[in-house]
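The structure under discussion appears below in the form of structure tokens.
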Amino acid sequence: MKASVWIVAWAALIASASMTQAQDLDTKAERALERALKTADKLEADVSLYEGEERSYSDSVGERALDKVEGAAKKLAELPADHPRVAALLERLDSLRARLARLVDEKGSLGARSGLDSKAAGKLNHLATTLENLETELGHHGPDGKYAFNDRNRERFEGKLVDAGKKLAELPAENPTVGLLRTHLERLEAQLAAMGSNLEEAQAKAAAAAAERARLEALPEFERDAERLGAVVGQLKKRGMISFDAPYLRRNLRTLSLTEAEELAASWPENRRTFAALAEKYAALRGGRPTSMVLLLIDGEFFCAEFAAAAEAFVGGAPAKVAEFSEQVRRLTAAAVAEQRHGDFVDLGSELNTALGQVRHIAHLARALSEGSTDLTPAAAALQGEVDRAMDGLAGAIVAANRAPADVYAGADKGALEAFARETWAKHFAAERVLAVRFPEDAFRRTVAWRWDTIRKEYYKVDHSELWITVAVESGEEAILYRCVIRKMHLEQDRLTFAWDRPERVAPTQRMLAKNLD
7 MKASVWIVAW
17 AALIASASMT
27 QAQDLDTKAE
37 RALERALKTA
47 DKLEADVSLY
57 EGEERSYSDS
67 VGERALDKVE
77 GAAKKLAELP
87 ADHPRVAALL
97 ERLDSLRARL
107 ARLVDEKGSL
117 GARSGLDSKA
127 AGKLNHLATT
137 LENLETELGH
147 HGPDGKYAFN
157 DRNRERFEGK
167 LVDAGKKLAE
177 LPAENPTVGL
187 LRTHLERLEA
197 QLAAMGSNLE
207 EAQAKAAAAA
217 AERARLEALP
227 EFERDAERLG
237 AVVGQLKKRG
247 MISFDAPYLR
257 RNLRTLSLTE
267 AEELAASWPE
277 NRRTFAALAE
287 KYAALRGGRP
297 TSMVLLLIDG
307 EFFCAEFAAA
317 AEAFVGGAPA
327 KVAEFSEQVR
337 RLTAAAVAEQ
347 RHGDFVDLGS
357 ELNTALGQVR
367 HIAHLARALS
377 EGSTDLTPAA
387 AALQGEVDRA
397 MDGLAGAIVA
407 ANRAPADVYA
417 GADKGALEAF
427 ARETWAKHFA
437 AERVLAVRFP
447 EDAFRRTVAW
457 RWDTIRKEYY
467 KVDHSELWIT
477 VAVESGEEAI
487 LYRCVIRKMH
497 LEQDRLTFAW
507 DRPERVAPTQ
517 RMLAKNLD
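Numbering of the sequence shown is given in our numbering, commencing with residue 7 and proceeding in unit increments.
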């Protein structure tokens with residue numbers, strides 16, 4: 007019995023010794039295992055930092071980490087796989103592989119996620135960047151981009167896409183990620199083709215527009231139309247003259263002559279129609295180079311709108327202004343009669359005559375600008391009648407006080423001009439005796455303008471210089487003063503013309519005692 011117990015104990019001791027021998031590693035294996043453990047510890051710590059975004063992850067980081075994992079696994083393959091510590095370490099390496107795979111999916115490049123080897127993955131990444139840059143560049147060209155799209159850069163883009171296609175063909179066609187790049191490339195090719203089609207369409211339109219501009223510029227009437235347009239725009243630019251604040255409304259206006267503003271107002275309806283017709287006829291020029299015609303069309307559009315607004319404002323305010331100045335005229339007329347101030351009627355610069363001139367001027371402008379729909383001229387004529395009747399009561403004093411204007415003009419041709427005036431007067435009024443010719447202005451005043459001929463229905467150019475004179479004609483013991491104008495017609499070799507104004511009623515302001523002529 008004792009022998010049997012001893013045998014069992016010895017067998018257990020041998021078994022125990024054999025198990026201990028199975029769990030122990032030799033010195034070399036132990037060192038290999040320790041190195042693998044340290045590698046795993048370091049990798050786990052690093053991977054935790056990348057997962058927590060405490061360090062910046064990149065493909066190279068993942069590749070180095072995976073290389074270390076596989077290096078450690080290769081070393082462990084030389085050790086007993088059933089050893090508990092080796093098995094545990096292999097499990098840790100498998101966990102690291104999975105964590106690194108997640109990092110690649112979440113933070114790795116397209117190449118890293120493709121599963122290709124590092125060289126192919128690098129090519130794939132480079133190609134993906136190329137396509138992204140191309141897409142950005144394409145977006146910068148065309149109607150919505152900041153750069154023009156033309157044949158030259160279309161060829162450049164086509165070359166880049168062809169080159170990208172060749173590089174894509176070097177990668178495994180069956181790889182899903184490579185398939186994504188192929189789809190991206192095809193989309194860019196389609197986009198470029200559409201842009202090319204749009205470019206060709208735009209080029210065709212541009213060519214047609216250029217042909218149309220060339221046709222318009224070759225029209226036989228082009229130069230004449232450009233001249234007409236320039237005349238119209240030149241007048242529209244003077245929109246400031248149609249204003250109650252303009253300087254001409256604050257000075258005395260000549261009783262028997264049309265002012266430039268009145269001529270401008272009279273031309274407005276036709277100017278507006280002419281500009282609209284020419285703007286429509288030559289609209290195609292607006293898309294071309296900025297020729298003088300194009301600049302006139304652009305200016306005309308602006309000034310026509312400005313003139314229309316000024317005209318509307320003037321016509322709208324004219325009735326109230328006429329009423330305001332009419333009341334002023336009546337008040338000043340009554341005061342002049344009551345105080346026997348005949349000079350108020352004689353002095354063209356008096357407050358009375360200035361207000362009367364404003365009424366007449368506003369009435370003329372409002373009628374012209376509104377094409378007759380706002381006609382205040384009857385009211386202006388009635389007011390003039392009131393003033394004339396008031397003057398009649400002071401006619402004796404006015405006539406006695408009147409004097410002919412002084413001679414101011416001192417040109418070398420003064421004698422010839424006076425002879426021309428007397429000769430012309432004698433041809434038309436042979437029965438009248440001219441007592442004197444006076445030159446109250448110091449120089450000719452030149453006018454260069456385009457005006458609308460209401461009879462011939464066309465614009466004509468005016469280029470003349472004017473000198474206003476006074477012709478005194480005998481009438482018993484009195485002299486009647488007529489305002490006349492001598493014009494030099496510069497478009498006709500400076501031919502002289504002579505014009506006058508002889509109203510049916512000779513106002514007291516036009517009469518003076520002949521003996522007072524000196």
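Every residue gets a Cβ at the ideal spot worked out from N, C-alpha and C, and that includes glycine. All values derive from a computational prediction rather than experimental measurement.
The Cβ atoms of Val405 and Arg439 do not sit closer than 8 Å to each other.
Among the bridge pairs identified by DSSP, Ser124 is matched with none.
Residue environment analysis places Thr297 among the exposed positions, since fewer than 16 neighbouring C-beta atoms fall within 10 angstroms of its C-beta. An exposed status is given to Leu225, since fewer than 16 other beta-carbon atoms sit within 10 Å of its beta-carbon. Remark: fewer than three beta-carbon pairs, one from each stretch, lie closer than 8 Å, so the segment 227-238 and the segment 176-188 are not flagged as touching. Annotation: Ser298 is outside any beta strand (DSSP E); the continuous alpha helix (DSSP H) that includes it extends over Ser298 to Ala344. Here the segment 201-219 makes contact with the segment 143-155; the two share three or more CB pairs at distances below 8 Å. Out of Ala401, Met397 and Val365, the CA that lies nearest to the CA of Pro384 is found in Val365.
The alpha-carbon separation between Asp169 and Arg98 amounts to approximately 45 Å. The beta carbon of Arg160 sits closer than 8 Å to those of Leu198, Met201, Gly202 and Leu205, all from its chain and outside the five residues before and after it, given in chain order. When rounded, the separation of the alpha-carbon atoms in Ala326 and Leu375 is 16 Å. By a beta-carbon distance limit of 8 Å, Leu382 contacts Ala372. Their separation comes to about 5 Å. Tyr466 counts as exposed, since fewer than 16 other beta carbons sit within 10 angstroms of its beta carbon. In the three-state reduction of the DSSP assignment, Lys467 falls in the strand class, which pools E and B. Excluding its 5 nearest sequence neighbours in each direction, Glu112 has no C-beta neighbour in its own chain below 6 Å.
Contact between Leu102 and Ala46 holds: CB atoms are separated by about 7 Å, below the 8 Å threshold. For Ile404, the uninterrupted alpha helix (DSSP H) run begins and ends at Ala401 to Ala407, by DSSP.
Counting along the chain, Thr503 sits inside the beta strand (DSSP E) bounded by residues Arg501 to Trp506. Cβ-Cβ distances below 6 Å link Ala396 to Thr339 and Val343 in the same chain, with the five nearest sequence neighbours on each side left out; the list follows chain order. Between Ala83 and His89, the alpha-carbon positions lie close to 11 Å from each other. Cβ neighbours of Asp448 within its own chain (closer than 7 Å, five residues either side excluded): Val414 and Tyr415. Per the coordinates, the alpha-carbon of Trp458 lies some 57 Å from the alpha-carbon of Glu143. When Val67, Gly68, Gly58 and Lys81 are compared, the shortest CA-CA separation from Lys44 is found for Lys81. By the neighbour-count criterion, in which a residue is buried when 16 or more other Cβ atoms sit within 10 angstroms of its Cβ, Arg452 is exposed.
Taking the Cα positions, Arg119 is about 37 Å away from Pro149. Short of 7 Å from the beta carbon of Arg517, and not among the five residues preceding or following it, lie these beta carbons of its own chain, in chain order: Val405, Asn408, Glu484 and Ile486. In this structure, DSSP gives Lys211 a helical state, which the three-state scheme calls helix. DSSP places Glu438 in the coil class of the three-state scheme, outside both helix and strand. In the assembly as shown, Leu423 is a buried residue. Its beta-carbon has 16 or more other beta-carbons within 10 Å. Per DSSP, Lys48 is one residue of the alpha helix (DSSP H) stretching across Thr33 to Glu57.
Secondary-structure assignment with DSSP links His147 through a beta bridge to Tyr153.
Looking at the DSSP output, Arg489 bridges to Thr476.
Leu242 and Lys463 have their C-alpha atoms spaced approximately 19 Å apart.
Arg292 and Gly236 have their C-alpha atoms spaced approximately 16 Å apart.
Between the alpha carbons of His348 and Ala272 lies a distance of about 35 Å. Rounded to whole angstroms, Ala38 and Leu137 show a C-alpha spacing of 47 Å.
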